[in-house]
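Data first, discussion second: the structure below is written as structure tokens.
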Amino acid sequence: MEFPSPTMRVWTLFLFLLLLKSDVVQSASDYLIGLGSYDITGPAADVNMMGYANTDQIASGIHFRLRARAFIVAQPNGNRVVFVNLDACMASQLVVIKLIERLKARSSSRMTKAPFTPPSRKKGRNHRRTHLLNRYIVTSLGFVRQSFDVIVDGIEKTIVQAHENLRPGSIFVNKGELLDAGVNRSPSAYLNNPAAERSKYKYDVDKEMTLLKFVDDEWGPLGSFNWFATHGTSMSRTNSLISGDNKGAAARFMEDWFERKGSVRMDLVGFENDGVPRRISNIIPSLHDNYHELLELAASFRSPLGKPATKTSSIARRVRGVLRQVDKPRFVSAFCQTNCGDVSPNVLGTFCIDTGLPCDFNHSTCGGKNELCYGRGPGYPDEFESTRIIGERQFKKAVELFNGASEQIKGKVDFRHAFIDFSQLGVNLSKVGASEVIKTCPAAMGFAFAAGTTDGPGAFDFKQGDDQGNPFWKLVRNLLKTPGKEQIDCHHPKPILLDTGEMKLPYDWAPSILPIQVLRVGQLVILSVPGEFTTMAGRRLRDAVKTVLSGNKGFGSNIHVVIAGLTNTYSQYVTTYEEYQVQRYEGASTLYGPHTLSAYIQEFTKLVHALISGQPVEPGPQPPDLLDKQISLLTPVVMDATPIGVKFGDCSSDVPKNSTFKRADMVSVTFWSACPRNDLMTEGTFSLVEFLQGKDMWVPAYDDDDFCLRFKWSRPFKLSSHSKATIEWRIPKDVTPGVYRIKHFGAAKGLLGSIHHFTGSSSAFVVA
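Counted the way mature numbering (1 follows the signal peptide of the UniProt record, and there is no 0) counts, the sequence shown spans residues -27 to -1, 1 to 741.
Written out as structure tokens, the structure reads:
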């Protein structure tokens, strides 16, 4: 079942904003800018995957690694802000709380609270949800500390790196339409919006990408961050490999594109036929031309026995470490999430898996069953190909906007932040000739929530578009908590399946106190929202804010307003009042009742007025720190072992002797391995493809960060101490011919708890 997000909404990112007064630097530039990036890949085994809340979706390897990416913008004599984007499903207030504690310990600077916004991905590890419902913490067997820690560590290091990279520079903004990377997955709800409102827009999803380009005064371009609405659900609920989904893929494609673009071997820079940037051409200075010589050379490198390694061995062999220019920061590109609530990357439409016919329009069912209705990505039936294609489309548009960015950002750096209790918030609704004050509701989930979406259907007999409920499931619901009449009336027409806002044991099942924030960098204004706004809900919020800003002379006529979705904590979805009446998945997941969007618009306009006037805002009620109340049922790794006579890192299944492969072939090698939870290999790699340079020098060519390489881990049964790692390399179309081998890094846990690192290599083979 798809319980979205930013894969790993998918996926977008954490947004973290800080106001710092220290380390003032004198500069003639309008801004100081700094970018950073760090590995946040969590345990690649045993942990439930994030996003679909599917108990059977347990991590067993890596598609490609996850990263935190940050930019800092500072006025030389004034404020500075930090925006952090994560390859993660959603944000968590607990992550923010613990991160602020760490940053305060590092600095005496004054810091304010701030938001996070992930790219709405679905393929991260389940780790950081701290309210009991958000079903994710149930399916993950509770809180996973290892995953939580690597995210907090990674964000901290990303921010520190960006801070250390601060230098005078400029920022540019550009916008453009991307037409083929998202479709509306709840069109029947969208059509319930007023016809006059819909007529103002050409499409039923937002097609506009907004991009920031960061340029160092001396070094030139440093990176880009963009916002575009599409879910990180190209990878399905059956995938078990950690993945950044389409947005994470787009980020890697763009970062690699720029590194190639800036490399010395400019003659070799370019794209494959499918548009993905070339990966290794600039680190391979020469080729072997004689095929028979290559075979003889490869035959001299047979698979050795596994051998001990150090903790840093895999870090030293990282490909991107080889590519990085000396004394110049790595180019950072982030693909951020915005109002993606009803936007799917599965652009071919929804079809019944039993008949192949289109699904029912109103309920997304097939013969009355939601489990049979699935959206199809452009690479159908290959979800990896769909991820690549949607990622590539975003990447190509971003490159176009990056190269064409000419409007310079100028003006103040500022923000306003507040915590708001959304459980019973008074909202002033304007009506013709009068106004009415209503209240939002304590959180509750509707029946259609359990139906999931066409990106990830639910189970049993739930369906989207259900405004009545079912007597049997109401009986089951009442065993947990029976909603009162006031709660039922408040949420009408939503039939309540889970009364999460009134369920308090062992702690709150849903958040009531939410962070909202407005960030200003010149004429760009970012609205940080702790949920997933649908297309029309996002349009209404942006328009309301832009109306307020346009009436102030401090802003010119050219104002750019973007929504950063899933920020700082996660509170499900936000639909328009009209979409809510239809009770599809997004409406059933709008926690605080039919007027949730009106509440957001009211509170954001207050923040914007304060921003314009330079007035402070009340901080609001503080959210609880629930770390000490977390429950974890995930058992630790007991020990790792190999069969008698076998070493960790030995090849269990090697490449065939004297083998030759060609482009588009898949090379697969299996090693005797150990549980990946023993060492996350942060900023390192479990898998590596090496190229033979000359007669005896092995050069790293592809690693965990590459789309063509997959690391798969398995054990024969759940409690077995034996395990294997299979590394699959799908040879790229533009690969450099020559001699290659596949290498594996791992860490084994002994009976007494000590960790021992190891490595192993396949026999060499020829790629012709």
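For glycine and all other residues, C-beta sits at the position ideal for the given N, C-alpha and C.
Within the DSSP bridge table, the entry for N199 names L184 and F308 as partners. By the Cβ-count criterion, T203 is buried, with 16 or more other Cβ atoms from all chains shown falling within 10 Å of its own Cβ. Per DSSP, the beta bridge partners of D676 are L661.
The region 389 to 402 makes contact with the region 589 to 605: 3 or more CB pairs, one atom from each, lie closer than 8 Å. Shown here, T569 sits in a helix according to DSSP, grouped into three states. Under a 10 Å Cβ-count criterion, P488 is classified as buried, with 16 or more other Cβ atoms of the shown protein chains found around its own Cβ. Here G504 is near Y543, since their CB atoms are less than 8 Å apart. Within 10 angstroms of the beta-carbon of L725 lie fewer than 16 other beta-carbons, which makes it exposed. If you look at M639, you'll find it isn't in any alpha helix (DSSP H); it sits in the beta strand (DSSP E) that goes M639 to S646. With a minimum length of 3 residues, the unbroken runs of beta strand (DSSP E) contained wholly in the region 461 to 514 fall at 469 to 471, 486 to 494 and 497 to 501.
Going by DSSP, K369 is part of the alpha helix (DSSP H) stretching over E356 to G377. If you look at I700, you'll find it in the beta strand (DSSP E) that goes S696 to R703. For the set S2, H729 and A223, the Cα lying nearest the Cα of D652 is the one of H729. Around the C-beta of P479, fewer than 16 other C-beta atoms lie within 10 Å, and the residue is accordingly described as exposed.
With 16 or more neighbouring CB atoms inside 10 Å of its own CB, K454 falls in the buried class. Distance from the CA of V46 to the CA of I215, rounded to the nearest whole angstrom, comes to 31 Å. Between V20 and L692, the C-beta gap is not smaller than 8 Å, which leaves the two residues out of contact. Minimum Cα-Cα distance from E356 among the listed residues A26, V708, F680 and V739 corresponds to F680.
Rounded to the nearest whole angstrom, the C-alpha separation of E656 and N50 is 34 Å.
Under the three-pair Cβ rule at 8 Å, the region 174 to 192 does not count as touching the region 207 to 221. For T131, the enclosing alpha helix (DSSP H) has its first and last residue at R118 to E137.
In the displayed model, Y543 falls within coil according to three-state DSSP, outside both helix and strand. Around the CB of N376, fewer than 16 other CB atoms lie within 10 Å, so the residue is classed as exposed. Counting only runs of 4+ residues, the alpha helix (DSSP H) found wholly inside the region 406 to 454 occupies 444 to 453, in chain order. When rounded, the separation of the alpha-carbon atoms in F231 and A517 is 37 Å. In this chain, the beta strand (DSSP E) harbouring V712 covers G711 to K722.
Under the three-state reduction of DSSP output, V708 falls in the coil class, being neither helix nor strand.
F435 places its beta carbon 8 Å or farther from that of F445. Taking all protein chains shown into account, Y546 has 16 or more neighbouring C-beta atoms within 10 Å of its C-beta and is therefore buried. For the 8 Å CB-CB criterion, R158 and D315 form a contact. Under the DSSP assignment, Y4 falls in the beta strand (DSSP E) whose first and last residues are Y4 to D12. Looking at Y713, V292 and R225, the one whose alpha-carbon comes closest to that of Q367 is R225. Excluding five sequence positions before and after V708, the CB atoms of its chain that fall closer than 7 Å to its own CB belong to R636 and V740, given in chain order. By the 16-neighbour rule on beta-carbons within 10 angstroms, Q30 is buried.
By the Cβ criterion, the region 127 to 140 is in contact with the region 69 to 79, since at least three pairs of Cβ atoms, one from each stretch, lie closer than 8 Å. If you draw a straight line from the Cα of V57 to the Cα of F44, it comes to about 7 Å.
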